[in-house]
Every structure is written in structure tokens, then in C-alpha cells.
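Participant: There's a structure below that I have some questions on.
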Amino acid sequence: MEEYEERLHNGPEKKELDEFEAQLLKKLIAVRTERAKAKNEYTKADLRLELTLKKQRIFTEAEQANHQELQAAAERTGDTEEQQALDACEAKLLVKLKSAYAKGDVDPAARFQSLAIVDVEKEASAKYSGESIFSAEEKARFGELTAKLDVFRNRAARWKPSVLGVTQVPGPPSGPDIAPIHVLKRGDYRQPAEAVEPGFPSVITGNFEPAVLETDRYRQYPTRGWRMTLAKWIVSRDNPLTARVMVNRIWQHHFGEGIIRTTSDFGKNGDRPSHPELLDFLAVKFMDDGWDIKAMHKLMLMSNTYQQAPENPKFNESTKDPDNRLLWRFNRRRLEAEAIRDSILQVSGRLNPERGGPSVFPPLPDDLADFARYGRTGGLMWEPNEKDEDGRRRSVYIFQRRSLPLPVMASFDAIVFSESCERRSTTTTPLQSLSMMNGNLMHEESEYLAKRLEKDAGANRSAQVRRAFEIILNRPARPEEVEKFSKFSGPLDAICRVLLSSNEFLYVE
Amino acid sequence: MTRRRLLFDSYLGLGGLALVDLLAAEPARASTLAADNPLAPKPPHHPAKAKSCIFLFMEGGVSQMDLFEYKPELIKYAGKQMPQAQRTQGELATFSAAPNRVIPPQWDFAQHGQSGRWLSSLLPNLATRVDDLAFIHGIKVDNNNHGPAVYHTLTGNQFPGSASIGAWVTYGLGSENRDLPGFIVMGDHRGSTIGGAGVWGNGFLPAAYQGALFRNGSTPIVDLNPRPGVTPKSQRSELDLLKWFNEKHSAERSNTSELDARIASYELAFRMQTKAPELVDLAHETEATKKLYGLDDAMTEPFGRQCLLARRMVERGVRFVKLLHGAGGDRWDDHGDIKTRLPIHAKEVDKPIAGLLTDLKARGLLDETLVVWASEMGRTPFDNNLVTDKPGRDHNQYGLVVWMAGGGIKAGSSFGETDDFSVRAAAEEIPLRDVHATLLDLLGLDQYRLTFLHAGRYKKLTDIGGRVIKEIMA
């Protein structure tokens, strides 16, 4: 991080930008001075510049303060009257400005000497300026140089530790009270009905009384404890719903379907549980184990039910339960996008298992490189990690850019985190196949995997094929497979791609 | 057999045959196979007026009173404040501190066509097609800023995460071409749109319905081209080995419809590699056609190319094509200097759009294609005070104009009207969901039946349901 900070503040890119900005500043001052002399006409922009001056000023401190206040009020409220007041004040000041210049009290040209780099930046990046002082080329160059520097700004920001803070809301007397909460008619904020107290949904509890609020016993914080009361209610031992919902979701994750298939609806419109006693058993166990998610995974994965084969010849011809609600076999399941990417990296031996830390930016497909730019000046919305191995960390660490999801992830049904997702869909599309056939991840990793195989098994193709089956599919190759794959005329990395694209690799049984 | 049908069938080519083989070999699987191909064509809810849709989206907020709405009052009040009654009373969250002086329309208006439709001189080519269009005026968008308004216009919800219109339509109807995506998006060559992938995303719908971003050049789809060093022949032998291995895997199992669909999807992808470049190859288009779309002029060429490609796509059975115009500083967001900026953007799209309508009509495709033109908001009649010497207009979420043409549209009609100052609907405002409901209806979809259970609720494009605007339908 220090390296990038240093480059950002003292690097050659910074120097180049500084020099260019200094040039632009000279031009800005010259042109503004010239315009002022030629036109002898002053705009509100000149007035505002004048008002910020600390030395040799025309306006009194009181005038400056008054203007500042009016301007703030107009901006804050957007109110017509406030704006009119500001306009009136500025009109007066403008008259004073003109007369001061006319009398020769101050040289207007000298005023522009106080323009600074920040004014250059404003002028150069102004979108709506009519006749800009800077030429299109100058603006473009400014954009280019800033973009170059932004690379280091972004890199430094990537590694800067940050934390989302939550603060206590101080109530009275040290802070403002929470506004009364009203029922809104038709959900419209302009139609408030009666004021209400915090309470729990009466449709669930049957209780219409306001909640008894959990207050801070030691009066350490002047908080009302609304959230704490709600949190405790949610995880209360008397409330079976939370634990049921959670274990049902974990179950769905491992078995493809929940015990209740509508994982987000346990109400009257939802599905009935296929195994109600099991659901309650798991929910109670979950609470007893201190809401330990890992223990729950373990319990499910070690069950006989989970360890069933996807084929059950005894019932295969039966038509009694085609949807396998009663779990007479395992539900075959495609890996999720994250697991596909992680597995490919794992077998190529290049997964970076490092935990924690900032989000990572794996390389984009070449075709998308120019799409990753903002507009024409070149700010990047996706700069791949400068250290290659950072881009090969587990998929949970991939930066979530809503406007640019990683195509290989998006095609395999990974979600963009802007909506809750109770359940991933698993679609089968040719775009997935394209990324397996031609994508950069697949090609890079299959090349590394081929090297790994050569190292493990030497130059003999049959030995390489056997090793490939062991590494990729976790089983020995059968004789006919060894024969067929050994006869294949393509390179070893093509064999790796075939196995990595196969249904056997992509589906869990 | 229609000419278009014939084109589809020949297009399916080997793919069609392979599918037939698959179905013949395993008749019992036919239905599950269709279920496993999320893009298999599905029957509409009611007879469709149009089979496919081309959605032309102008990003930035187009000034309706400089193009489509002739308001003489604005000339009368030029440079003055609007009368108090017409002020927006702070409800319109504009960026200027207060409603400022009225800017008159900057270009002359004239009536065109049989319908006597008023258009400004900025759209001379569209003016010749005006009798094909149906206008909706005074549409209200939920938000007055670009990001949320773009999301609202294109996904029915101002917050990111919802399914885009194209995703809903392909979810409802599937696609008629198995070699190409059912929903294709072409962005502005100058950069990414606000909201990025979210505006053609699948949202909560399965990923198969996300829009495929087509890019300029010979590799329109991401990862379409084989890597350097991989020849079609070597890739074919690679895929043959994969097929052998996958089929062996399937043969040992039951319930293999999903597995078989994936085997087929590799074949589809392989074919797509030749079909998609062929789609974007304009070598076989005549010079006259290219000229019609303005490909001979550097200013109209980029959007002209998009429009011509859109025609080629619907011709091949792509269900939904979305064209985006405007990006970054080059969009319709004329806060300042509208006098210079608007003519540029209007010119960039005028000829291409008129060319598209002419060409679709000449080929008999306009009757079965719905063309929709929209922006994410309108603009204000008054100056927004950001650049005092070069006036421009502010955002106006109450002033959106949308026009439609093609299948099921009452050509030359118009619905809704804004007040004398083009600020908002004169009578009842038209919520955007009405437009969405109309679009779905024309494509044979019932907004109340096109639902998807997500987060405990049956989601739909029109949220609480919109009114189908029968007034603009034939």
C-alpha cells in the first residue's frame, strides 16, 4: 500500500500531471484576465471567486458571511424564496464589485492570480461548460493523466483497511428524539395516520401490546434498545421459526430442496414440510449447539441420507415419488459458479487459499477490457489485481461490481448482490459452454494443470491421462477411458479442458 | 410457410436436426428436455401482435419540448419565469436551486404526415415515418436522477436487482433461434451505460434470461472466439472427446435430462461461433440498405450499424433486442448548451431509426416487430442555471415521452398530453408501468401471469400492475 501511496503522491505520473496542471493554470489565469479586461463584464462566477478571497478584499467579512449563509440556505432547501434572497444579495454585491473595479481600488486582473489548481481541475472536468477555456485536446490529456494517477489511487484504496462503523443514536437529552412513527395510509408518506409504538407482528404473536423494550441497564448509552429487543425476540428459544428457517436453508443447500421448499415463506401460502419431525429435530439441535452452523453442516453431510447414491435401482422404475421428496436417492446437483471456479483453480494447483483481506479483481476476458472503462477519459471500473496470485483467491473474495459482474460467474448463475437470493437457479446455456471452451480462466488453468500432470506422470500419455482422472475427477481412469483419451491427438491441456468441462466434474453426486 | 419461418428453419440447420434426433431417440424425454432448455419457445398467454421487440433507449433524458411536444406558450414566456400555477412547487427535485427562466423551443416545429403530427426540425428523417408511430406523453418515472430512472425504465423498478424487460420477455416467450441468444443488448461504442449490466440483467430470474452483450467488431459475444492456436478442427475433436465422455456418463445414469441438455449446449455454443460472426457481418447487405441506415456518414454510422444489426437479429428470431444510445458525456443530458448538444445526438439517431422503420416495413417485418423508443425522463421547460451563458434544461421525471411502432400499434395515434409548459401530464399522469404493461400485452404476455416467485412474493414487471394503453393499439 505504501508503495502505491508513494507513487500516487511523488511518482512520475504525479509530476507529469502537476506540470500539466501548472501550464493549464497559467492559461486559465491569462484567459480569464484577458476576458475580464476585454469585456469589463463580471459574472456571478467572478463574484464567487472574489468572495472567497482572504486578502485585499472588496467585501467586508460581514458581507462574505451573509452571502455564504444565503447560498447554503438556497442550496439546502432548493426553495424559491431562498434563491431569490441569494439572487438579490448577489446583485448588490455585483454592483459593488463593478464600482470597486471601476474606481480602480483593485486591479481585476491581479485578482485572477489567486486562481488555484482546484480551479483548473474544475474547469478541465466541467461537463457543461459552454466555451471552455481549455481545448478538447487539453481536456483529453488532463483526463488521461488523471486516469493514470487514478490507477495508483485505486490500488492504494484497495489495500487501505476500512471498517463499516455503527454508532449509537443518542436520544434526548443529549440528542434529538426519534420522530413519532405513523401508520401511512396506502403506504404514502404524505398521508400519516395514527402514531404507533414499536411492537411485534400481531399476526404472529396474537399480541397487540407494544413491546417491552430492552433498555441499557447501566445507562452507558442513551439508547432505547429497539434493535436489541428485536434481536432477542428473533433468536428467542420460544421462537422456533428462526432456527427452522436457517436449518431449512442449510438443508436446501446440501440436498437441492428444502424440507420446506418455499425457503422464504413458512406462512400459510408456503409449502408444507416433507419431514416435519426432522425439521423440528434439526432446529432444536441447532439452538442446543449454540447456533453453530458448521456443526449443522457436519451433521447433515455425515447422515446416511446425504451419502446416498443418485441412483437407487430398487426404486428407479417407481412412479410414486418422481420428485424425490422423500429422499430415496441423492439429488444430483450442479456446482455453483463459485465452486466451479474454485475447483478449476484447485485442481490446477493454483488456488490461492489465503483468507480474509480486501476483495480481489481476477482478470477480465480480453473482449471486455474496453467495456471496463468509464466513458472516454479512461477511469477503470475493473483493474485486475497487479499481483497475479491475488486474482486467484477463492471466489467469495471477488469484488462485486453490480455494473460489471465477471462473465464466467454471471453465466453460471452467480448473483449480483443487489437482491436477496433464497436459492440459486441452475441454468444450462451455451454462454456457459463458450466460457468453458474459450474463456481465459479455463485456458490458463488447463495449461498449468497440463504442466502439473507432466511433472507428476512424466511424458507417457497414458500415465498423464491416469493422473488427470485422479486429480480432476478424484477416481482412477477406466481402461477404455485411458485408451480413448490416450489416442486423442490434441495437446495435454485440451484433455484437461475436456475433463474440466465434463458433467462428471460439474455435477455433485 | 412464411419467408421468415423458412429462414429460421434453415438457420437451425444441423442444430435443428440434432434436436430432432435427440427427441426421436428418447420420446419420453421430449417434455423434460423442453423444460431443461429455458429458452425453448413458449406459447404466448394470448395471441401476440408482435413476435419480437426492438427497444431503442436514449440515455440521459431527452428534451421532449425540443423534439416531440410543440408548446407555443414557451415562446410567449421565453426568458421569463413561468406563471406560479405552472411552477413545480418544489416537488420536482431539480438540480437548479429554483425554477428559472423559460427557454423557448430552440428549433422550428411543423406538422407531418397524414396524422398531422408536430415534430421539430431536428428529426427530418423520422418525420417521414411519423404515420407509423404512436406517441405516449406525460409519463411519470419514479425517480428524477439518471441511475434509478434508467433502472425504472428498463427493469420496472428504480432499485437495482430486478429483471430487465428483455429478461421478462424471454422468460415468458423463450427464443425462436437456438443458435443465438434470445435477448441481445448493444451498447454505445463510447462507453458503458449507467447501471451497466444491471439494465440488461436477469435480476431474480434464472441466468439464462440475462441479455447477451453484443460488442462492436467481429467478436460480438464475450468468449466467442477460440483462443489463439485453437483451430475449428482441433476444437471439434476436443468437443467430440467431451461428447463421448459425457454420453458415457449419461448412459450409466437415470434422470439425465439436465446432463443431456448440457451436452447439447456445447454443440449450440460451437455453432454459435460461426452464426454470431455471420450475424454481424454486413458484407451481404446492399449499399442502398447501408445508406438507408446512414452507414455512409461518420455521425450516423455507429447507431446506424446497431439498428441494421437489430433488423438482422429479429429477422433471425432473436426475441428482444435492446439498443443503447448515449454514454458518459455524450448522452442526452443537456443541462447546458442544449443548442449545440441536442442536434448532435438527434442527428446521430434520426436517420438510423427512420431507416430501421423503413427497412422493417419493406421486408414485411414491421407488422410482427414492436419498436419502442424511450429515454429515462423528460426535461424541464426552464433553464437549470448551471451554465448561465449557454442555457440547458433540467431533469423532469413527469415529462417522459415514449413512442412505439410496429406490430399491434395504431399507427399515427397518440395518448396523453402534457400541460402548456410540458412540465407534467395535463390530466392524469401515466405511470411508467402502463407502458410496460402495454409492451407485454403486444407481445402476447399478460402482466399478471408473467410472474416469478422471489423472496416470498410473485414478482412481475409492472409491480402493482399497469393499465394496458388500448388507445395506441390497433
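Chains as they are written, first to last, in the numbering used here: chain A, 80 to 588; chain B, 551 to 1024. Using N, Cα and C, we set each Cβ at its ideal position, and we do this for glycine too.
1. To the nearest angstrom, how far is it from the Cα of A:Tyr-83 to the Cα of A:Gln-386?
2. State the Cα-Cα distance for the pair B:Asp-887 and B:Glu-967, rounded to the nearest angstrom.
3. Does any CB atom of chain B fall closer than 8 Å to the CB of A:Arg-546?
4. I want to verify the contact list: residues of chain A whose CB lies under 7 Å from the CB of B:Leu-792, in sequence order.
5. For A:Val-275, count neighbouring Cβ atoms within 10 angstroms of its own Cβ and tell me buried if that reaches 16, exposed if not.
6. Based on DSSP bridge pairs, tell me the residues matched to A:Tyr-586.
7. Among the residues of its own chain, which have a CB less than 7 Å from the CB of A:Ala-290, if the five just before and after it don't count?
8. Mind the definition here: the stretch 845 to 853 of chain B touches the stretch 693 to 709 of chain B only if three or more C-beta pairs lie below 8 Å; say whether that holds.
9. Quick check on A:Lys-563 - is its C-beta less than 8 Å from some C-beta in chain B?
10. Please report whether the beta-carbon of A:Glu-81 lies at a distance below 8 Å from any beta-carbon of chain B.
11. Short check: CB of A:Glu-129 to CB of A:Leu-176, under 8 Å?
12. Do you know how far the Cα of A:Tyr-180 is from the Cα of A:Ala-189?
13. Which bits of chain A does B:His-799 rub up against, with CB to CB less than 8 Å?
14. Give the DSSP-derived three-state secondary structure of B:Ile-604 in the structure shown.
15. In terms of residues, what are the limits of the beta strand (DSSP E) holding A:Tyr-385?
16. What are the uninterrupted segments assigned as alpha helix (DSSP H) that are 4 or more residues long and contained completely in the stretch 503 to 564 of chain A, given in chain order?
17. If we define contact as Cβ-Cβ less than 8 Å, is A:His-522 a contact residue for chain B?
18. Against chain B, with Cβ distances strictly below 8 Å, would A:Thr-507 count as a contact?
19. Output needed in chain order: residues of the stretch 471 to 487 of chain A with a Cβ under 9 Å from some Cβ in chain B.
20. Can you grab the Cα-Cα spacing for the pair B:Leu-906 / B:Pro-852, in whole Å?
21. Would you report the Cα separation of A:Ser-438 and A:Arg-237, rounded to the nearest angstrom?
22. Check for me: the beta strand (DSSP E) holding A:Val-487 runs from which residue to which?
23. Where does B:Val-871 fall in DSSP's three states?
24. Which residues mark the beginning and the end of the beta strand (DSSP E) in which A:Arg-86 is found?
25. By the criterion of Cβ-Cβ separation under 9 Å, what are the contact partners of A:Ala-489 in chain B?
26. Roughly how many whole angstroms lie between the Cα atoms of B:His-739 and A:Ile-477?
27. Is DSSP giving A:Asn-464 helix, strand or coil here?
28. Report the rounded CA-to-CA distance for A:Phe-451 versus B:Lys-599, giving the unit in angstroms.
29. Just to check my reading of the structure: A:Leu-126 and A:Leu-172 have Cβ atoms closer than 8 Å, yes? What is that Cβ distance to the nearest angstrom?
30. Less than 8 Å separating the beta-carbons of A:Thr-225 and A:Leu-87?
31. Can you name the start and end residues of the alpha helix (DSSP H) that B:Asn-675 belongs to?
32. Assign B:Tyr-816 to buried or exposed, taking buried as 16 or more other Cβ atoms, counted over all protein chains shown, within 10 Å of its Cβ.
33. DSSP three-state label for B:Met-1023, please.
34. Compare the C-beta of B:Ile-771 with all C-beta atoms of chain A and state if any pair is closer than 8 Å.
35. Closer than 7 Å by beta-carbon distance: list the chain A residues that pair up with B:Phe-795, in chain order.
36. Starting from A:Asn-233 and walking both ways along the alpha helix (DSSP H), at which residues does that stretch end?
Facilitator: In short:
1. Within the first sequence, the letter at position 4 stands for residue 83 of chain A. Within the first sequence, the letter at position 307 stands for residue 386 of chain A. CA-to-CA, the gap between A:Tyr-83 and A:Gln-386 works out to about 50 Å.
2. One-based indexing of the second sequence puts residue 887 of chain B at position 337. One-based indexing of the second sequence puts residue 967 of chain B at position 417. When only Cα atoms are considered, B:Asp-887 and B:Glu-967 end up about 27 Å apart.
3. Counted from its first residue, the first sequence places residue 546 of chain A at position 467. Answer no: the Cβ-Cβ gap between A:Arg-546 and chain B never drops below 8 Å.
4. Here the question's residue 792 of chain B lines up with position 242 in the second sequence. Ordered by position in chain A, the residues that pass the 7 Å Cβ test against B:Leu-792 are Val-577, Ser-580, Ser-581.
5. Reading the first sequence from its first residue, position 196 is the one you call residue 275 of chain A. So A:Val-275 ends up on the exposed side.
6. Looking up residue 586 of chain A in the first sequence gives position 507. In DSSP, A:Tyr-586 forms a bridge with A:Arg-413.
7. Against the first sequence, residue 290 of chain A aligns to sequence position 211. Only Pro-277, Gly-278, Phe-279, Thr-308 meet the Cβ criterion.
8. Taking 8 Å as the limit for Cβ pairs, the verdict is that the stretch 693 to 709 of chain B does not touch the stretch 845 to 853 of chain B.
9. As a working mapping, residue 563 of chain A is identified with position 484 in the first sequence. At least one chain B Cβ lies under 8 Å of A:Lys-563.
10. Here residue 81 of chain A corresponds to residue number 2 of the first sequence, with the count starting at 1. So no, A:Glu-81 is outside the interface.
11. Taking the first residue of the first sequence as 1, we reach residue 129 of chain A at position 50. Taking the first residue of the first sequence as 1, we reach residue 176 of chain A at position 97. The Cβ atoms of A:Glu-129 and A:Leu-176 lie closer than 8 Å to each other.
12. Position 110 of the first sequence holds residue 189 of chain A. Position 101 of the first sequence holds residue 180 of chain A. Rounded to whole angstroms, A:Ala-189 to A:Tyr-180 spans 11 Å at the Cα level.
13. Start at 1 with the first residue of the second sequence, and residue 799 of chain B comes out as number 249. By Cβ distance, chain A contributes Ser-581, Asn-582, Glu-583.
14. Residue mapping note: residue 604 of chain B aligns to position 54 of the second sequence, counting from 1. It is a strand residue.
15. Here residue 385 of chain A is taken as the residue at index 306 of the first sequence, counted from 1. Counting along the chain, A:Tyr-385 falls outside any beta strand (DSSP E), and DSSP gives it neither H nor E.
16. As summarised for the stretch 503 to 564 of chain A, the continuous alpha helix (DSSP H) elements at least 4 residues long and confined to that stretch are 509 to 517, 519 to 536, 540 to 547, given in chain order.
17. Taking the first sequence and counting its residues from 1, one reaches residue 522 of chain A at position 443. A Cβ of chain B is located within less than 8 Å of the beta carbon of A:His-522.
18. Position 428 of the first sequence, counted from the first residue, corresponds to residue 507 of chain A. Chain B contact via Cβ: present.
19. Residues passing the 9 Å Cβ filter: Arg-480, Arg-481, Ser-482, Leu-483, Pro-484, Pro-486, Val-487.
20. Counting from 1 along the second sequence, the entry for residue 906 of chain B is found at position 356. Counting from 1 along the second sequence, the entry for residue 852 of chain B is found at position 302. Note on geometry: alpha-carbon atoms of B:Leu-906 and B:Pro-852 lie some 13 Å from one another.
21. Position 359 of the first sequence, counted from the start, is the residue given in the question as residue 438 of chain A. Position 158 of the first sequence, counted from the start, is the residue given in the question as residue 237 of chain A. Cα to Cα, the separation comes out at about 8 Å.
22. Translated into the one-based positions of the first sequence, residue 487 of chain A becomes position 408. Taken as a continuous stretch (DSSP letters only), A:Val-487 belongs to no beta strand (DSSP E), being part of the alpha helix (DSSP H) at 486 to 490.
23. Residue mapping note: residue 871 of chain B aligns to position 321 of the second sequence, counting from 1. B:Val-871 falls in the strand class under three-state DSSP.
24. In the first sequence, the residue the question calls residue 86 of chain A occupies position 7. Here A:Arg-86 belongs to no beta strand (DSSP E); instead the alpha helix (DSSP H) covers 81 to 89.
25. In the first sequence, counting from the first residue as 1, residue 489 of chain A sits at position 410. Residues of chain B passing the Cβ test: Ala-747, Gly-751, Asn-752, Ala-757, Gln-760.
26. Along the second sequence, read from residue 1 onward, the residue named residue 739 of chain B stands at position 189. Along the first sequence, read from residue 1 onward, the residue named residue 477 of chain A stands at position 398. Rounded to whole angstroms, B:His-739 to A:Ile-477 spans 27 Å at the Cα level.
27. The sequence position of residue 464 of chain A within the first sequence is 385, counting from 1. Here A:Asn-464 sits in coil by DSSP.
28. By 1-based counting over the first sequence, the position of residue 451 of chain A is 372. By 1-based counting over the second sequence, the position of residue 599 of chain B is 49. The residue you asked about is not Phe; residue 451 of chain A is Ala in the sequence shown. Taking the straight line from one Cα to the other gives about 38 Å.
29. Here residue 126 of chain A is taken as the residue at index 47 of the first sequence, counted from 1. Here residue 172 of chain A is taken as the residue at index 93 of the first sequence, counted from 1. Confirmed, about 6 Å.
30. In the first sequence, the residue the question calls residue 225 of chain A occupies position 146. In the first sequence, the residue the question calls residue 87 of chain A occupies position 8. At a Cβ-Cβ threshold of 8 Å, A:Thr-225 and A:Leu-87 do not count as neighbours.
31. On the second sequence, residue 675 of chain B is found 125 positions in, with the first residue counted as 1. Start and end: 674 to 677.
32. Numbered from 1 along the second sequence, position 266 holds the residue referred to as residue 816 of chain B. Classification for B:Tyr-816: buried.
33. Position 473 of the second sequence, counting from 1, holds the residue named residue 1023 of chain B. Strand, per DSSP.
34. Taking the first residue of the second sequence as position 1, residue 771 of chain B is located at position 221. Closer than 8 Å: yes.
35. Here residue 795 of chain B refers to the residue found at position 245 when the second sequence is read from its first residue. Within chain A, the residues near B:Phe-795 are Val-577, Ser-581.
36. For the purposes of this step, residue 233 of chain A is taken as residue 154 along the first sequence, with counting starting at 1. Note, A:Asn-233: alpha helix (DSSP H), 215 to 238.
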